[in-house]
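A.B. asks: So that you can map any letter, position 178 of the sequence shown is 1488 in our numbering, and since no number is skipped, the others follow by simple counting. Let me begin by handing over the structure; questions about it come next.
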Amino acid sequence: MKPYADLKKIEEIASAVKNEPKLGQFTVTMTSQSNGGVGVKTQTGITVHAGVEDHSRVGKFETVGDEPPAVLGEDMGLSPMEYALQALAGCYTATLTLLAAGKGIELSKIELNLAADFDLNGFLKFNPAVRNGASEIRVDIHVESPNASRAEIDALIAEIPNHSPIYDLFTNPTPVVNRSV
1311 MKPYADLKKI EEIASAVKNE PKLGQFTVTM TSQSNGGVGV KTQTGITVHA
1361 GVEDHSRVGK FETVGDEPPA VLGEDMGLSP MEYALQALAG CYTATLTLLA
1411 AGKGIELSKI ELNLAADFDL NGFLKFNPAV RNGASEIRVD IHVESPNASR
1461 AEIDALIAEI PNHSPIYDLF TNPTPVVNRS V
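Put into C-alpha cells, the structure is as follows:
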C-alpha cells in the first residue's frame, strides 16, 4: 500500500505542540500475561496525552509473542527480538512518510529488511564479554517516489536518526524501572 500523510494535519499538530509543549507528551501502556511456556499475550492499555487518560484503546489490540523452538518456545508468535524489529520498522516507516510529506515528496513504496544479531552466550552468562541483547541491528531501506531523485530519497533516509523515537530508544540509554507489585 502507498505510504501517505496529511501535510495539513502534520502542520496543525506541530503548531499546537510548539505553542503548548505539554501537547507533545504521551505515555503508552500495555498489559501482558504469560501465555504458556515462554509465550506472552499483550494488550494495548491506557494512553495518556498531555496529562489526560484515554481508555479508548484498552484491549483494542492484542499480540502474541513466543520464542522459536531453538530457544524453548512453541513458535506461537513473533519473538521479543522480532517485535523489537517490528517497532523499529513501524517507526522508520512513519518517520519517512512524515518527513517526505513535509518536503512535498510523494512516496509510492517503503520496504525495510531488518536483521538483528544476538548470542545466547550473553543471556546464559557463559561469556561476560557478550551482550544480552543485539550486537548489531541492520536496516536495508528501499524507498520509491514518482517525484524525488535518489539524492532526495537518500537525504530523507539520512534524517531518520534525528527524528525516529524508536531509533532513539535503541541507541540511547533509557531507564527501565522494574517494580514488584
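Yeah, the Cβ is synthetic: ideal placement off N, Cα and C, and Gly gets one too.
1. Please name the residue in Leu1409, Val1487, Phe1436 whose C-alpha comes closest to that of Pro1471.
2. Helix, strand or coil for Asp1464? Go by DSSP, reduced to three states.
3. For Ile1463, which residues of its own chain have a beta-carbon under 7 angstroms away from its beta-carbon, when the five flanking residues on both sides are left out?
4. One question on the structure: do Val1339 and Gly1355 come within less than 7 angstroms of each other, judged by their Cβ atoms?
5. Starting from Ala1399, trace the alpha helix (DSSP H) in both directions and tell me its first and last residue.
6. Buried or exposed, going by whether 16 or more other CB atoms sit within 10 Å of the CB of Val1350?
7. Just to confirm, is the Cβ distance from Ala1425 to Ala1444 under 7 angstroms?
8. From which residue to which residue does the alpha helix (DSSP H) around Val1327 run?
9. Between which two residues does the alpha helix (DSSP H) harbouring Ile1476 extend?
10. Relative to the C-alpha of His1365, which candidate in Ile1451, Pro1379, Thr1337 has its C-alpha closest?
11. Measuring alpha carbon to alpha carbon, tell me which residue in Val1486, Thr1407, Gly1412 is nearest Met1311.
12. Is Phe1336 helix, strand or coil by DSSP?
13. Does DSSP put Gly1347 in a helix, in a strand, or in coil?
14. State the start and end residues of the unbroken alpha helix (DSSP H) segment that holds Gly1432.
C.D. replies: Let me spell this out:
1. Sequence index remark: in the sequence shown, residue 1471 carries index 161 (1-based). Cα-wise, what sits closest to Pro1471 is Leu1409.
2. Taking the sequence shown and counting its residues from 1, one reaches residue 1464 at position 154. It is helical.
3. Against the sequence shown, residue 1463 aligns to sequence position 153. Val1453, Ser1455, listed in sequence order.
4. On the sequence shown, position 29 is the one that residue 1339 refers to. On the sequence shown, position 45 is the one that residue 1355 refers to. Note that residue 1339 is Thr in the sequence shown, not Val. Yes.
5. For this step, residue 1399 is matched to residue 89 along the sequence shown. Segment 1390–1412, the alpha helix (DSSP H) holding Ala1399.
6. Along the sequence shown, read from residue 1 onward, the residue named residue 1350 stands at position 40. With at least 16 other beta carbons inside 10 angstroms of its own, Val1350 counts as buried.
7. The residue labelled residue 1425 in the question sits at position 115 within the sequence shown. The residue labelled residue 1444 in the question sits at position 134 within the sequence shown. No. Outside cutoff.
8. As a first step, residue 1327 must be located in the sequence shown, where it is residue number 17. Per DSSP, Val1327 belongs to the alpha helix (DSSP H) from 1317–1329.
9. Stepping through the sequence shown from its first residue, residue 1476 is reached at position 166. Looking at the DSSP string, the run of the alpha helix (DSSP H) that includes Ile1476 is 1475–1481.
10. Residue mapping note: residue 1365 aligns to position 55 of the sequence shown, counting from 1. Considering only alpha carbons, the answer is Thr1337.
11. Taking the sequence shown and counting its residues from 1, the one referred to as residue 1311 is at position 1. Of the candidates Val1486, Thr1407, Gly1412, the residue whose Cα lies closest to the Cα of Met1311 is Thr1407.
12. Residue mapping note: residue 1336 aligns to position 26 of the sequence shown, counting from 1. Residue state, collapsed to three classes: strand.
13. The residue given as residue 1347 occupies position 37 in the sequence shown. DSSP places Gly1347 in coil when its eight states are reduced to three.
14. In the sequence shown, residue 1432 corresponds to position 122, counting from 1. Start and end: 1430–1433.
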